[in-house]
Amino acid sequence: MATLRQPAREPVTPTPSLRTAGGQPVSVVHVAAEYYPYARTGGLAEAVSGLANFQRAAGLDVAAILPLYRTVRDADPDLEPVGQPFLVSMGSHSEEARIFRVASSRTGPQVFFIEHLDYFNRPGIYGENAVDYPDNARRFAFFAQAVVTALPRLVPGPIVLHAHDWHTALSLVYLRRMLHDRYSADTTAVLSVHNPGYQGHFPPDVMSQIGLPWDLYNWRQLEWYGKVNFLKGGLAFADFVTTVSPTQAEELCTPGGGFGLHDVFTWLADRLVGVLNGIDQRSWNPATDSQITAQYSSENLEGKRRCKAALQRSFGLPQRRKVPLFGMTGRMVTQKGLDLILQSDELLAMDAQFVFLGSGEKQYETALVELASSAPDRVGVQLDFTDRLEHRLMAGADLFLMPSLYEPCGLTQMRAQRYGAPPIVRNVGGLADTVEDEATGFAFEPYTPEAFQEATFRALERFRHPARWQSIVREGMACDFSWERSVATYIDVYRRALAYSPGAR
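The structure is reproduced here in structure tokens:
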């Protein structure tokens, strides 16, 4: 496992502008289905906005484009229209799109939104009540093609078009197959795979609905076991592909970690690069955090004891200073290892407290609520996620649970270490790259309740010895998980992609 035990650094000196071989400045345009604070269901929103904001701070010309969901209007009702409406070809007919932008983005990235009321003015982003919208193929294909159509009027070339996950992967296909002008040739295509478990699988007849020719429905491009695979299409047409941790890049090339696309990831060879995500260490800093009960640092941990008592009060748990308090926050889904936790009878029966924050699959929500009802003095559950409560959970927890089935990167284990809550993780993906066993947290390998409990009991043994425990806490708090580290690596990827893209060949 890699370790990141360096002191947290000040922001790096701004990076020189990205330029083509001919010396022209290059803009970076991020295309995503989620972007904090406008649309968020999980870590994707924060990863994309964090990268974009820190790239802008480093001196790059950066923009972001996402759909104009109902949640966007809630976050910023004063959007400005950009230009006139335009048409997007969707199979046998065309549909109208409009562009809006955030009016106040003077220092950060420019943020644009594609409006289509029927597709995006809905209560959810991908669906409602844990059920996907049946027209998601058309919704995100429309968005991807609208982005490519609108780019020349939004950002002068040359650009790096950086798409994120399956929802935007078709933008690279439209770019290379539907546009044949100089702007397309001057555009470099990069695709980031944040969660390979979601690829955008749809029946073959969507080909006639999304305005792409049938000749693309073949095993090298869009066809995947009798289905259309949006992510595979993006991989086929990308100049470079990134994923969100070095270990995840290796796992994607294996049958067990590639989710059916391992041959495609292997084919990419050195055009597949793992770049670890970061966190904003100014926002996630217990020494300055205004959202927690008491501020603290690795030199003075007294405030963390007060935060623990406050978290116990918030969840109706007895205020017991010496009892270990486990925290978990995020999407309550199979990927996050809820099965292991719920099957760990010995752990759940011991003298410890557990706090769970977040919503997800109904089976896990029900199981957690029932667990809290059966042991109200030891288990607290809050299904309604808020940023403030996440900060307070990190500050109040003694240990953090993240026994993921798979985890491409993960952000919460980084935050937990920053807040002095050593995480218990499965040694996969970004967890392997950010948590050092017995030094900043505790790791296990097999996906079994027994292996998970063994790691947890090791952690509890250390917790019973305050001097050893505080050493682990302080070691984790000193880790450098800054976005500045990642930005420099992404710039190197962009330069390599520029050299590979059609305009350079």
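The sequence shown begins at 607 in the working numbering and counts up one residue at a time. Heads up, the beta-carbon is just placed ideally off N, CA and C, and yes, glycines get one too. Since we're looking at a predicted model, the values are computed, not measured.
Best match in V1034, L1005 and F1006 for proximity to Y1012 [C-alpha to C-alpha]:
The shortest C-alpha separation from Y1012 is found at V1034.
Can you give me the C-alpha to C-alpha distance between V961 and E1060, rounded to a whole angstrom?
In this structure, the CA atom of V961 is about 20 Å from the CA atom of E1060.
Would you mind sorting R625 into buried or exposed? The rule is 16 or more other CB atoms within 10 Å of its CB.
exposed
So, D1043 versus A1027, is the Cβ gap smaller than 8 Å?
no
Assess contact between the region 638-647 and the region 672-687, defined as three or more Cβ pairs (one per stretch) separated by less than 8 Å. Is contact present?
yes
Between the alpha carbons of L867 and Q827, how many angstroms are there, rounded?
11 Å
Between which two residues does the beta strand (DSSP E) containing N742 stretch?
That residue, N742, is in no beta strand (DSSP E); its alpha helix (DSSP H) goes N742 to L760.
Taking C-beta to C-beta, are R1024 and F1087 nearer than 8 Å?
Contact: yes.
Under a Cβ-count criterion, where at least 16 other Cβ atoms within 10 Å of its own Cβ denotes burial, should N906 be classed as buried or exposed?
exposed
Could you say which of R1102, R1091, L1104 and Y1100 lies nearest to S851 if we only look at CA atoms?
R1091
Tell me, which residues are paired with E829 by DSSP?
V834.
DSSP-derived helix/strand/coil call for V879:
strand
Spatial neighbours of M956 in its chain, beta-carbon cut-off 7 Å, leaving aside the 5 residues before and after
Result list for M956: empty, nothing under 7 Å.
Cβ pair L923, R998 closer than 8 Å:
no
The beta strand (DSSP E) with A1049 in it runs from where to where?
In this chain, the beta strand (DSSP E) harbouring A1049 covers F1048 to F1050.
Kindly indicate which residue of E856, A900 and L650 has the alpha-carbon position closest to the one of R911.
A900
Using the Cβ count rule (16 or more neighbours within 10 Å means buried), how would you classify Q593?
Because the chain here runs from 607 to 1111, residue 593 falls outside it and cannot be looked at.
Does DSSP classify E616 as helix, strand or coil?
Unreliable positioning characterises E616 in this predicted model, as indicated by a pLDDT of 41, which lies under 50. The coordinate reading is nonetheless provided below. Correct three-state label for E616: coil.
DSSP puts R662 in a beta bridge; with which residues?
Partner(s): none; R662 has no beta bridge.
Mark H768 as exposed unless 16 or more other C-beta atoms lie within 10 angstroms of its C-beta, in which case mark it buried.
That one is buried.
From the DSSP output, read off the bridge partner residues of E702.
E702 is bridged to L693.
Assigned secondary structure, A1094 (DSSP; H/G/I helix, E/B strand, else coil):
helix
Just reading off the alpha helix (DSSP H) that R646 is part of, what are its end residues?
No alpha helix (DSSP H) holds R646; DSSP gives it neither H nor E.
What residue range is occupied by the uninterrupted alpha helix (DSSP H) comprising L946?
Taken as a continuous stretch (DSSP letters only), the alpha helix (DSSP H) holding L946 covers L944 to L948.
Going by other Cβ atoms of all chains shown within 10 Å of its Cβ, with 16 needed for buried, is T619 buried or exposed?
Unreliable placement is indicated for T619, whose pLDDT of 44 sits below 50; no coordinate value is reported for it.
By a C-beta neighbour count over all protein chains shown, 10 Å radius and 16 as the cutoff for buried, is P687 buried or exposed?
Around the Cβ of P687, a 10 Å sphere holds fewer than 16 other Cβ atoms; the residue is exposed.
Spatial neighbours of H800 within its chain, please: CB distance less than 8 Å, with the 5 preceding and 5 following residues excluded, ordered by chain position.
Closer than 8 Å at Cβ, skipping near neighbours: G649, L650, A653, H770, D771, T849, V850, P1014 and C1015.
Where E996 sits in the DSSP three-state scheme
helix
Measure the beta-carbon distance from V834 to V812 and round it to whole angstroms, keeping in mind my assumption that it falls under 8 Å.
5 Å
Please give me, in chain order, every unbroken run of the alpha helix (DSSP H) with length at least 4 that falls completely inside the region 895-924.
908-920
Helix or strand or just coil, what does DSSP make of Y780?
helix
Quick one: complete beta strand (DSSP E) runs, 3+ long, within the region 1024-1087?
You should have 1029-1032 and 1048-1050.
What three-state label does DSSP hand H770 in the structure shown?
Note: H770 maps to strand in three-state DSSP.
Given Y823, which residues of its chain have a CB within under 8 Å of its CB, disregarding the five upstream and five downstream residues?
P810, M813, E829 and V834
C-beta contact flag for F719 and F706 at 8 Å:
yes
Give the single residue among D724, Y789 and Q751 whose Cα lies nearest to the Cα of Y739.
D724
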